[in-house]
Amino acid sequence: METKDDLLDQAAREFRALHDALRGLNEGDLTRVWLGVWSTKDIVVHISGWHREMIPALERLARGERPIPEGVSYDDVDAWNSAHHYREHGHQIRSWRERQGL
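This is how it looks when you write it as structure tokens:
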């Protein structure tokens, strides 16, 4: 089982890899739709929304409460989100850039 420090280190590495995948893209690159109906900019906004949702969840956990409010369920991960955003979306962006020669 991974420790808290292991998980934090992994998240930091994956966030850095995502950041590196974004480096050097111009506005046209960022707004070009290529992942279904999403552009790279849409992916970054999606991750920002995930961050915004996770902040209160972590605050609740720190108080010894459930991470999500009563009546809310994250059971359907595909409909809600994936726990490995940085890795998943970083990989998608890097693959797209390679195909585009960016």
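Under the working numbering, the first residue of the sequence shown carries the number 407, and numbering increases by one thereafter. Cβ atoms here follow ideal geometry from the backbone N, Cα and C, with glycine treated the same way.
- Stretch pair the stretch 454–464 + the stretch 409–429: three plus CB contacts closer than 8 angstroms: Cβ pair count under 8 angstroms is below three, so no.
- Message: Rounded to the nearest angstrom, what separates leucine 436 and alanine 417 at their Cα positions?
- Response: 23 angstroms
- Under 8 angstroms between C-beta atoms of glutamate 420 and arginine 503: Not a contact, by the Cβ cut-off of 8 angstroms.
- Message: Within 10 Å of its beta-carbon, does leucine 467 have 16 or more other beta-carbons around it, so buried, or fewer, so exposed?
- Response: By the 10 Å Cβ count, leucine 467 comes out exposed.
- Coarse secondary structure for valine 478, derived from DSSP in three states: coil
- Cβ distance (whole Å) where glycine 496 is taken to contact leucine 414 below 8 angstroms: No, glycine 496 and leucine 414 are not in contact; Cβ-Cβ is about 17 angstroms, not under 8 angstroms.
- Kindly list the residues whose CB is nearer than 7 angstroms to the CB of arginine 500, restricted to its own chain and excluding five residues on each side of it in sequence; keep chain order. Ala427
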